[in-house]
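What follows is a single structure, written as structure tokens, with notes after it.
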Amino acid sequence: MDSKLQAYIDELNALDFKGMYGGDFFLTWEKSDDELAAVFAVADALRHLRESNISTRIFDSGLGVSLFRDNSTRTRFSFASACNLLGLHVQDLDEGKSQIAHGETVRETANMISFMADVIGIRDDMYIGKGNKYMHEVVDAVTEGHRQGVLAQKPTLVNLQCDIDHPTQCMADMLHIIHEFGGVENLKGKKIAMTWAYSPSYGKPLSVPQGVIGLMTRFGMDVVLAHPEGYEVMSGVEEVACFNAARSGGSFTKTHSMAEAFKGADIVYPKSWAPYAAMEKRTKLYEKSDAEGIKALEKELLKQNAEHVDWCCTEELMATTKGGRALYLHCLPADISGVSCEKGEVAASVFDRYRTPLYRQASFKPYIIAAMIFLAKVKDPQATLSALAEQNTPRFFQA
Amino acid sequence: MDSKLQAYIDELNALDFKGMYGGDFFLTWEKSDDELAAVFAVADALRHLRESNISTRIFDSGLGVSLFRDNSTRTRFSFASACNLLGLHVQDLDEGKSQIAHGETVRETANMISFMADVIGIRDDMYIGKGNKYMHEVVDAVTEGHRQGVLAQKPTLVNLQCDIDHPTQCMADMLHIIHEFGGVENLKGKKIAMTWAYSPSYGKPLSVPQGVIGLMTRFGMDVVLAHPEGYEVMSGVEEVACFNAARSGGSFTKTHSMAEAFKGADIVYPKSWAPYAAMEKRTKLYEKSDAEGIKALEKELLKQNAEHVDWCCTEELMATTKGGRALYLHCLPADISGVSCEKGEVAASVFDRYRTPLYRQASFKPYIIAAMIFLAKVKDPQATLSALAEQNTPRFFQA
Amino acid sequence: MDSKLQAYIDELNALDFKGMYGGDFFLTWEKSDDELAAVFAVADALRHLRESNISTRIFDSGLGVSLFRDNSTRTRFSFASACNLLGLHVQDLDEGKSQIAHGETVRETANMISFMADVIGIRDDMYIGKGNKYMHEVVDAVTEGHRQGVLAQKPTLVNLQCDIDHPTQCMADMLHIIHEFGGVENLKGKKIAMTWAYSPSYGKPLSVPQGVIGLMTRFGMDVVLAHPEGYEVMSGVEEVACFNAARSGGSFTKTHSMAEAFKGADIVYPKSWAPYAAMEKRTKLYEKSDAEGIKALEKELLKQNAEHVDWCCTEELMATTKGGRALYLHCLPADISGVSCEKGEVAASVFDRYRTPLYRQASFKPYIIAAMIFLAKVKDPQATLSALAEQNTPRFFQA
Numbered sequence: 002m003d004s005k006l007q008a009y010i011d012e013l014n015a016l017d018f019k020g021m022y023g024g025d026f027f028l029t030w031e032k033s034d035d036e037l038a039a040v041f042a043v044a045d046a047l048r049h050l051r052e053s054n055i056s057t058r059i060f061d062s063g064l065g066v067s068l069f070r071d072n073s074t075r076t077r078f079s080f081a082s083a084c085n086l087l088g089l090h091v092q093d094l095d096e097g098k099s100q101i102a103h104g105e106t107v108r109e110t111a112n113m114i115s116f117m118a119d120v121i122g123i124r125d126d127m128y129i130g131k132g133n134k135y136m137h138e139v140v141d142a143v144t145e146g147h148r149q150g151v152l153a154q155k156p157t158l159v160n161l162q163c164d165i166d167h168p169t170q171c172m173a174d175m176l177h178i179i180h181e182f183g184g185v186e187n188l189k190g191k192k193i194a195m196t197w198a199y200s201p202s203y204g205k206p207l208s209v210p211q212g213v214i215g216l217m218t219r220f221g222m223d224v225v226l227a228h229p230e231g232y233e234v235m236s237g238v239e240e241v242a243c244f245n246a247a248r249s250g251g252s253f254t255k256t257h258s259m260a261e262a263f264k265g266a267d268i269v270y271p272k273s274w275a276p277y278a279a280m281e282k283r284t285k286l287y288e289k290s291d292a293e294g295i296k297a298l299e300k301e302l303l304k305q306n307a308e309h310v311d312w313c314c315t316e317e318l319m320a321t322t323k324g325g326r327a328l329y330l331h332c333l334p335a336d337i338s339g340v341s342c343e344k345g346e347v348a349a350s351v352f353d354r355y356r357t358p359l360y361r362q363a364s365f366k367p368y369i370i371a372a373m374i375f376l377a378k379v380k381d382p383q384a385t386l387s388a389l390a391e392q393n394t395p396r397f398f399q400a
Numbered sequence: 002m003d004s005k006l007q008a009y010i011d012e013l014n015a016l017d018f019k020g021m022y023g024g025d026f027f028l029t030w031e032k033s034d035d036e037l038a039a040v041f042a043v044a045d046a047l048r049h050l051r052e053s054n055i056s057t058r059i060f061d062s063g064l065g066v067s068l069f070r071d072n073s074t075r076t077r078f079s080f081a082s083a084c085n086l087l088g089l090h091v092q093d094l095d096e097g098k099s100q101i102a103h104g105e106t107v108r109e110t111a112n113m114i115s116f117m118a119d120v121i122g123i124r125d126d127m128y129i130g131k132g133n134k135y136m137h138e139v140v141d142a143v144t145e146g147h148r149q150g151v152l153a154q155k156p157t158l159v160n161l162q163c164d165i166d167h168p169t170q171c172m173a174d175m176l177h178i179i180h181e182f183g184g185v186e187n188l189k190g191k192k193i194a195m196t197w198a199y200s201p202s203y204g205k206p207l208s209v210p211q212g213v214i215g216l217m218t219r220f221g222m223d224v225v226l227a228h229p230e231g232y233e234v235m236s237g238v239e240e241v242a243c244f245n246a247a248r249s250g251g252s253f254t255k256t257h258s259m260a261e262a263f264k265g266a267d268i269v270y271p272k273s274w275a276p277y278a279a280m281e282k283r284t285k286l287y288e289k290s291d292a293e294g295i296k297a298l299e300k301e302l303l304k305q306n307a308e309h310v311d312w313c314c315t316e317e318l319m320a321t322t323k324g325g326r327a328l329y330l331h332c333l334p335a336d337i338s339g340v341s342c343e344k345g346e347v348a349a350s351v352f353d354r355y356r357t358p359l360y361r362q363a364s365f366k367p368y369i370i371a372a373m374i375f376l377a378k379v380k381d382p383q384a385t386l387s388a389l390a391e392q393n394t395p396r397f398f399q400a
Numbered sequence: 002m003d004s005k006l007q008a009y010i011d012e013l014n015a016l017d018f019k020g021m022y023g024g025d026f027f028l029t030w031e032k033s034d035d036e037l038a039a040v041f042a043v044a045d046a047l048r049h050l051r052e053s054n055i056s057t058r059i060f061d062s063g064l065g066v067s068l069f070r071d072n073s074t075r076t077r078f079s080f081a082s083a084c085n086l087l088g089l090h091v092q093d094l095d096e097g098k099s100q101i102a103h104g105e106t107v108r109e110t111a112n113m114i115s116f117m118a119d120v121i122g123i124r125d126d127m128y129i130g131k132g133n134k135y136m137h138e139v140v141d142a143v144t145e146g147h148r149q150g151v152l153a154q155k156p157t158l159v160n161l162q163c164d165i166d167h168p169t170q171c172m173a174d175m176l177h178i179i180h181e182f183g184g185v186e187n188l189k190g191k192k193i194a195m196t197w198a199y200s201p202s203y204g205k206p207l208s209v210p211q212g213v214i215g216l217m218t219r220f221g222m223d224v225v226l227a228h229p230e231g232y233e234v235m236s237g238v239e240e241v242a243c244f245n246a247a248r249s250g251g252s253f254t255k256t257h258s259m260a261e262a263f264k265g266a267d268i269v270y271p272k273s274w275a276p277y278a279a280m281e282k283r284t285k286l287y288e289k290s291d292a293e294g295i296k297a298l299e300k301e302l303l304k305q306n307a308e309h310v311d312w313c314c315t316e317e318l319m320a321t322t323k324g325g326r327a328l329y330l331h332c333l334p335a336d337i338s339g340v341s342c343e344k345g346e347v348a349a350s351v352f353d354r355y356r357t358p359l360y361r362q363a364s365f366k367p368y369i370i371a372a373m374i375f376l377a378k379v380k381d382p383q384a385t386l387s388a389l390a391e392q393n394t395p396r397f398f399q400a
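Shown next as structure tokens:
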């Protein structure tokens, strides 16, 4: 076996992640440090195998069901890519939002789509208090279906973005950081600024900033959350961040100044989001189908946003980061000033300089998703990775 | 070979189903008893292999084309699952209803989508006199295309629900019954009540009650069809049911009393449908694009339904069945009183008690569809099932 | 190895097509004669293998991304079939037209969808000066992404129809002609009439007539382009046709008489298209979102079409062709007089007589697309075709 794969396997041998077998992936902070490290190692190993033209298909047949309750191109393709990498066919569940109700219907639909399903990927991020809950309802239903013998296998749930966390995005972001800094051991004391940025659009989900502070506080980094007053995120996730920081020997601080957050930062993640309170309000308005109220709220939020049009990742701000060269992150697509909108989250010249690293950041997501599936399905990941390498089935065959 | 698979193969060895090779599946009553028994045996065998983690992929590549002229989640996933089980990729043909005209265009489209197609699954149940006819046009077109050398293979048609029958549903229902009663030999003299039930929705297809009486009269059971006056099904299918019952030593009777149907029944299948005469009328209104007429008809039908709101599968009625424990069937989704609607087809407590058996009932459909395809494609099913078991390619590989 | 496959390999051995490796397919006239001959030979070889039940899957996993900016059933299925033949799963990119902007966004989206993509097939034919340009932007983006290490592989672009050419259609048409005439060596001096025909619909793309005159002038044939005054195609493509004809020893002439074009023709291709000038005008109106202007233009064009309702491929015209039996071509669907419209491109009896050859013409397209992919991906196509034949993996397995 090649030494690179051996290194990943050695890494896995030193970790305890047996709790992932047969499980699901909801929130990063429900996983142990070892479990997250296992996801990173398997993601790197799968990528290494694929880039060595070695097939990583562990499924000869089987379905990966995708359920998107919000439009998505990037996440849809990431999920499809991950499924394809492992040998699963994607089958989209395209019920209208209204048709997928809660309770009885979730239980039924979850079983009806799962007779051949090994994985279910769900994106449901629009309504506070709903998305994560819905995912749990689905998992409860298929767990019961499997227990009752209705389903031959329990499909694994991968949270492709909920109202609380965006684990596949943040884990991909984190793996990118680990690679850029040459290893997780180099992150201690590094400063990362997760900051709000102005966008002319309304109602962007909170799952990215929440996911970032919930995850990145676990590696001994100094995590700063910056936003204008009124743009608070879920307090429960802030508590997670505080707890993580204390445990990891890093820190978690908050500020209302973008400049303060950027100052001396090694990594910056400027991105727009809607205030948590407003998202809660919106959820209630949708529940009441109050179209007038929704329209009024949108107007109010856009006006509120417009007061903070100066929250932009400019060249001036970037110059204040560590060596003027902080790693710039974004989950994409970004609102780029003068390109996709008049004034946005980031200056065109900054975005342009970081384009390749940004695309590389995104490139980890399919492998992170595949690793989450792999660890939930495979009893002995190390042995199975070895076996795949030994089988050496070409991903692409030519004579 | 394991003894369970051997038993299925022995069963097949005793049957004459050579007429299925190269064929299609339109209506159950166009198939011999042996042919239906072969579908059940192959479905069970494929399920057994998959649940033993043995790949049943007979196709290394190839397309399964799905064409739904009515919305569908369950049937769509069943078809996708069946195709996946055999190694086919599903390609949806999503032309608007209006674009798929009859005549010239059917012939052309059928060939254009079939260059790599091994299977075509069609659901077309909305218009009386149309759906089954359309399926035949498609089969005629691809048969001619194959004869002329345009198509390297003739795709197999699977009727995923037409205006006359719903063979994949009813065959799955039947296989469920066979399993629940411990074998087809235990069904003689059992009473099954196919009864109309109240639903607040309009225009549900007739294919399930018709399919049930057309199929379940073949096993020596006492089949009772119950509905309020005015909710007649196609008379031609009733004739089929009479003929079948006489031949099988069972009976086929009709009643306008739900209570009478339920009394002492071993199996009950309470489900709403629209009157045949109304469906015919609606078809003509659609042909004339008479929006006013359609609206008026809908109103009239809902009013007619509302007169029979007492046709509900209650605990009281269930208590009158054999030992108070009849097997409750439904093709799902059901209209559940107090859950999905105020008053519906079934009481919540009844539905709740039968949830697991209901999901199990549905779980047979992918295997029934796969078996129909298998028998149409494979010249020697017994030898091929044996060969798959001997190859023992894991469906899911892990070391 | 069987002698038929050996003949295709011998043919390839005599050709220089090494320039196709790693490349893309935009326009036929950007390819050398040898390169086009290689596409034909590989298409025939892949078809021969599949029809001999030999798997041609060179991909164990991988995605083929389809991006259609215009509705399509035929091309969508051709692309899906080609991908399936080689082992790729199709993933559709269904952004609304408005969402896929140019510039920054193209670059980003192209990379985001390509992490597992081996092929991208694009249809973008509606706007003059846009479609081909867009395809180049996509290729530039993924080439750069691959160079920067973001993408493990550079996906191959296949032009599934642009504003200039329709190479997969015209190459399929040409392979059909080659087969019908018993070899490319028999085409010298044959007369082919690419003529406009009346259709009651508006704004049909120019890519077929342009693709035909740009390709078919390369085989020593006498190519006649016929259309009413005002229905000119792109002058740049006419120049290509002139140049090709001179080089190949054939001819390229133009006429405003359908009768003249048909007279003594060996092959006729009567088909409607919109005037180039009108398409340019329409593109500008769309840019300005000038709904009124678009409506006015449509009205004007339909009126202009109606002046040429006599441009129909009638029995009388067919009788004037070589032996009264010219090969009739159409890319389908055709506007058939008295069938799909009152007056259209072709008489019903003519169309009816040529139905089987027309379907056969279409049957080459999946293989042409697969050959384009194969030649861009495989370094030694001859050795790989041999290896596939030797492996002899059944496309469809049965014992």
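Residue numbers (my numbering), protein chains in the order written: chain B, 2 to 400; chain C, 2 to 400; chain S, 2 to 400.
Cβ coordinates follow ideal geometry from the N, Cα and C atoms, glycine included.
Being a predicted model, the structure only gives us computed values, none of them experimental.
Using a threshold of 9 Å, state whether the C-beta atoms of residue i and residue j are closer than that.
i, j, result
"Leu86(C)", "Pro382(C)", "no"
"Gly404(B)", "Thr57(B)", "What is shown of chain B runs 2 to 400, which leaves residue 404(B) out entirely."
"Phe375(C)", "Phe397(S)", "no"
"Leu161(C)", "Thr74(C)", "no"
Buried or exposed for residue i, please, with buried defined as at least 16 other CB atoms from any protein chain shown within 10 angstroms of its CB.
i, result
"Arg326(B)", "exposed"
"Gln392(B)", "exposed"
"Gly150(S)", "exposed"
Note down, in chain order, each residue of its chain lying with its Cβ closer than 7 Å to the Cβ of residue i, except the 5 sequence neighbours on either side.
i, result
"Ala348(B)", "Cys313, Cys314, Thr315, Glu316 and Ser338"
"Lys5(B)", "His49"
"Ala390(C)", "Met2, Leu6, Leu50 and Ile55"
Once you ignore the five residues that flank residue i on each side, which residues in its own chain have a CB closer than 6 Å to its CB?
i, result
"Leu318(C)", "Phe263"
"Val140(C)", "Asp25 and Leu158"
"Gly212(C)", "Asp166, His167 and Cys171"
In the structure shown, what three-state DSSP assignment does residue i receive?
i, result
"Val347(S)", "strand"
"Phe116(S)", "coil"
"Met195(C)", "strand"
"Pro201(S)", "coil"
"Cys243(S)", "helix"
Please list, in chain order, all residues of the same chain as residue i whose beta carbon is under 8 Å from its beta carbon, the five residues on each side excluded.
i, result
"His257(S)", "Ala227, His228, Pro229 and Glu230"
Original post:
Using 8 Å as the Cβ pair cut-off and three pairs as the minimum, do the stretch 341-358 of chain B and the stretch 7-25 of chain B touch?
Top reply: Counting C-beta pairs closer than 8 Å gives fewer than three between the stretch 341-358 of chain B and the stretch 7-25 of chain B, which falls short of the contact rule.
**OP:** Examine the Cβ distances between the stretch 165-178 of chain C and the stretch 135-155 of chain C and report whether three or more of them are shorter than 8 Å.
**Re:** no
Original post:
Between the stretch 232-247 of chain S and the stretch 289-302 of chain S, are three or more C-beta pairs nearer than 8 Å?
Top reply: no
**OP:** Would you check if there are 3 or more beta carbon pairs closer than 8 Å linking the stretch 263-274 of chain S to the stretch 192-212 of chain S?
**Re:** With a cut-off of 8 Å on Cβ pairs, the stretch 263-274 of chain S is in contact with the stretch 192-212 of chain S, counting three or more such pairs.
Subject >> Meets three-Cβ-pair contact criterion under 8 Å: the stretch 246-262 of chain S and the stretch 222-229 of chain S >> reply: The stretch 246-262 of chain S is in contact with the stretch 222-229 of chain S.
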